[in-house]
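Okay, so here's the structure we're looking at.
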Amino acid sequence: MKNVYKRLKKSLTLPETVFTADNSVLLGDLKIGEHTSIWYNVVIRADVESITIGECCNIQDGTVIHVTKDKHATNLGNYVSVGHNATLHGCTIGDNVLLGIGAIILDGVVLEGNNLVAAGSLLPPGKKYPKNTLIKGSPAKVARELSEKEISDIKANAIRYTQYKEIYLNLENT
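165 is the number that full-length UniProt numbering gives to position 165 of the sequence shown; each next residue is one higher, with no gaps.
Right under this line is the structure:
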């Protein structure tokens, strides 16, 4: 099993501005943008397809991100906040999105951007959700349009996490 792990742990080059918690697992064909943070007990497994995570994203504790072989890569835009214990599988997440705690995003789901997904929501395979919307439920549906303040709050949350990760990066350098 160690041999499989070594082969999948390709030479991952992370920008210096990225924080990864010591017990996070990052494997395979993975690209991570500047100022992103990967927190504790996160598993990002790009073993059979690629995963791209944009700039200023935060992948919070206990999250799992995976893919579907030959079918669904996982792509996250910029300013994406993924709440604790969320699961993302073979989906596309646009810019400026907040996924609530425990959200489950399945194969082929597309979030166009400026979305807020309520905690515990289940986004079923193949669904596309328009920009500027609150999405909630199991199965998840569009509940309403977001206000300009809610949209700016999503980005503010992501920016806050870029500040939090600086504390941890500074601790690593002392």
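For glycine and all other residues, C-beta sits at the position ideal for the given N, C-alpha and C.
Quick caveat, the model's predicted, so the values are computed rather than measured.
Measuring alpha carbon to alpha carbon, tell me which of the options ends up nearest residue i.
i: residue 152; options: 60, 86, 113, 142; result: 113
i: residue 105; options: 66, 156, 143, 132; result: 66
i: residue 89; options: 127, 144, 17; result: 127
i: residue 61; options: 76, 77, 102; result: 102
i: residue 41; options: 33, 32, 26; result: 26
i: residue 74; options: 129, 100, 97, 44; result: 44
i: residue 138; options: 57, 121, 147; result: 121
Just confirm the distance between the C-beta atoms of residue i and residue j, as a whole number of angstroms; I'd bet it's less than 8 Å.
i: residue 119; j: residue 83; result: 7 Å
i: residue 72; j: residue 49; result: 7 Å
i: residue 30; j: residue 59; result: Not a contact, Cβ separation roughly 11 Å.
i: residue 63; j: residue 85; result: 7 Å
i: residue 175; j: residue 157; result: Residue 175 cannot be examined here, being either before or after the span of the chain that is shown, 1 to 174.
What is the residue span of the alpha helix (DSSP H) that residue i lies within?
i: residue 154; result: 148–172
Expressed to the nearest angstrom, what Euclidean distance is found between the alpha-carbon atoms of residue i and residue j?
i: residue 149; j: residue 110; result: 23 Å
i: residue 3; j: residue 37; result: Here residue 3 scores only 43 on pLDDT, less than 50, and its place in the model should not be relied on; the value that follows carries that caveat. Their Cα atoms are separated by approximately 28 Å.
i: residue 171; j: residue 164; result: 11 Å
i: residue 145; j: residue 87; result: 24 Å
i: residue 160; j: residue 123; result: 26 Å
i: residue 143; j: residue 70; result: 33 Å
i: residue 1; j: residue 33; result: Confidence at residue 1 is low in this model, with a pLDDT of 38, below 50, so the placement of that residue is unreliable and no value is reported for it.
i: residue 96; j: residue 162; result: 14 Å
For residue i, does the count of other Cβ atoms within 10 angstroms reach 16, so buried, or fall short, so exposed?
i: residue 54; result: buried
i: residue 133; result: buried
i: residue 13; result: exposed
i: residue 22; result: exposed
Which residues bound the beta strand (DSSP E) around residue i?
i: residue 137; result: 133–137
i: residue 24; result: Careful: residue 24 lies outside any beta strand (DSSP E) and carries neither H nor E.
i: residue 66; result: 64–66
i: residue 82; result: 80–82
i: residue 13; result: Here residue 13 belongs to no beta strand (DSSP E), and DSSP marks it neither H nor E.
Does residue i have its Cβ less than 8 Å from a Cβ in chain C?
i: residue 86; result: No chain C appears in this structure, which consists of one protein chain only.
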